[in-house]
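The structure appears below as structure tokens.
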Amino acid sequence: MQKLYLFLFSLFIVTYTYSQTGPGGVGNSSSNLIWVKADEIPALLDNDLVTSWPDFSGNSNNLDQPSASFQPIFKTGILNGNPVVRFNKAASRLRKTSFSSPTTALTAIYVNSNADSDDGIISYASSSSANDFLLFNSSNIQFWINNVSASSGVSVNNSAFHIVNASWQSSNGSTVVWKDGTKSFTSTLRTGGTITSGGSIALAHEQDAIDGNYEASQVHEGDFAEVILFNTYINDAQHIIIANYLAAKYNLSISNDYYSYQATHGYDVAGIGREDASNTHTEAQSDSILQLGNPSALDANKEYLLFGHENGDVSSWTTTEAPDAGVNIQRIAREWRIDETGDLGTIDFTIDAANLPTLPAGHTMYALMIDSDGDFSSGALVYEMVLNAGTEYE
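So in the numbering used here, spot 381 of the sequence shown is number 382, and the numbers just go up one at a time.
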């Protein structure tokens with residue numbers, strides 16, 4: 002296992018059409034339909050009402066609630082220093098109406114704590130079915146498609162925080178539920194089924210009509226830190242990578258943990274890897290800045306490379322800990338740590354200079370610095386980056 006301290010002389014984001022910009026570096030705005038994070042809700046204080054939970058998927062699918070009677074509250078410092086959205090009322094819920102839902106495949110992922118049962122966790126109702134898609138009952142998660150259900154036996158209602166992943170695809174009916182990095186349930190459900198788009202998706206309550214007929218007995222009372230929805234059936238490697246991203250951010254214990262630096266570099270963890278020949282992920286981007294991909298030797302099972310940063314500043318250049326005392330080279334303060342399991346061979350690093358601060362006077366090129374101890378003033382390997390296209394360097 003190799004562990005490298007990675008720092009960029011300049012920061013950059015990749016603008017490939019199919020760049021993996023979603024959670025953990027999985028998916029993009031075409032496949033990632035909803036991505037809400039409690040730590041990205043602006044301008045709220047502890048116990049403030051949440052009227053809108055902004056969506057960071059790129060699709061503007063904010064989860065809203067205009068009625069104060071149904072609004073959850075914002076709670077600060079609950080999970081590894083992060084806030085949560087707390088649903089603590091008899092009818093609290095957030096929803097998105099006229100939602101362009103997944104139709105033939107989906108993956109829902111959430112970080113949550115509760116002590117509930119017979120509760121609506123994520124509910125989607127359409128003109129075809131009140132339970133076109135539903136995750137229900139935290140004591141034994143039920144997966145509903147087209148008003149047909151499968152009980153998973155997965156329980157997450159012990160008041161601890163858990164990471165839940167659930168996927169379904171129409172082509173073969175494959176249905177899976179993961180708990181804390183472990184695939185805990187597999188089944189077949191509604192092979193050939195189709196979810197009707199244009200309905201209403203609700204968080205923390207169960208609809209029996211489009212944004213209507215909410216029964217008080219089926220409300221979910223609990224804390225949500227993050228909720229993610231894809232219109233794809235993501236593979237096992239991608240499930241594991243996203244679980245690592247969430248575990249690092251929220252300091253949660255998971256199986257299949259391939260990242261050891263959450264205590265120091267737990268921000269925006271992303272990764273590539275291979276669970277087996279049918280379950281691989283080969284390109285990932287962290288925080289719209291650093292993209293890694295195209296491994297030359299991703300040829301063995303359970304090989305992964307994950308990377309995260311320590312939330313250093315990216316808005317300006319600094320000479321602190323720069324080679325040559327900063328005479329000829331400056332850097333950004335942010336540093337990434339890489340954790341490699343197995344040997345993935347060579348990796349491509351890519352940036353987009355358009356998203357970096359303006360170059361300091363007299364500086365004309367971008368470079369990547371790699372160092373084993375995190376002090377780049379001496380011993381750092383410096384790799385000049387070559388212009389690939391437009392403002393993209395690799």
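Don't be surprised by glycine CBs; every beta carbon is placed ideally from N, CA and C. None of these values were measured; they are calculated from a predicted model.
Test item: CB-CB of residue 100 and residue 158 under 8 Å: no
Inter-residue Cα distance where the pair is residue 74 and residue 385: 49 Å
Endpoints, the alpha helix (DSSP H) within which residue 250 is located: Unbroken alpha helix (DSSP H) run through residue 250: 237 to 251.
Contact under 8 Å by Cβ, residue 290 with residue 283: At the C-beta level, residue 290 and residue 283 stay beyond 8 Å of one another.
CB-CB length for residue 226 against residue 83, believed under 8 Å: About 6 Å separates the beta carbon of residue 226 from that of residue 83, a gap short enough to meet the 8 Å contact definition.
Residue nearest to residue 355 in terms of C-alpha spacing, selected from 371, 337, 390: Between residue 355 and the set 371, 337, 390, the nearest pair of CA atoms involves 390.
Spatial neighbours of residue 277 in its chain, beta-carbon cut-off 7 Å, leaving aside the 5 residues before and after: 302
Neighbour-count burial assignment, residue 39, 16 or more Cβ in a 10 Å radius: buried
Proximity of residue 256 and residue 181 at Cβ, strictly below 8 Å: yes
Three-state secondary structure (DSSP) of residue 55: The answer is coil: DSSP assigns residue 55 none of H, G, I, E or B.
Span of the beta strand (DSSP E) around residue 206: Here residue 206 belongs to no beta strand (DSSP E), and DSSP marks it neither H nor E.
Environment of residue 103 [buried if 16+ CB atoms lie within 10 Å]: buried
Where residue 150 falls: helix, strand or coil (DSSP): strand
Test item: CB-CB of residue 85 and residue 224 under 8 Å: Yes, the Cβ-Cβ distance between residue 85 and residue 224 is below 8 Å.
Run of the alpha helix (DSSP H) containing residue 310, from where it starts to where it stops: Segment 304 to 310 is the beta strand (DSSP E) holding residue 310; no alpha helix (DSSP H) there.
8 Å Cβ cutoff met for residue 141 and residue 152: Cβ distance < 8 Å, so residue 141 and residue 152 count as in contact.
Counterpart residues of residue 96 in DSSP-defined beta bridges: 65, 203
Residues near residue 71 by beta carbon distance below 8 Å, same chain, minus five either side: 90, 92, 93, 94
Residue ranges of each beta strand (DSSP E) within the segment 335 to 378, 3 or longer: 336 to 342, 349 to 353, 368 to 372
Same chain, Cβ closer than 8 Å to residue 185, five either side skipped, listed in chain order: 153, 154, 155, 178, 179
Identified DSSP bridge partners for residue 125: 134, 202
Cα-Cα separation, residue 23 to residue 96: 21 Å
Residue nearest to residue 187 in terms of C-alpha spacing, selected from 118, 42, 173: Per the Cα distances, 173.
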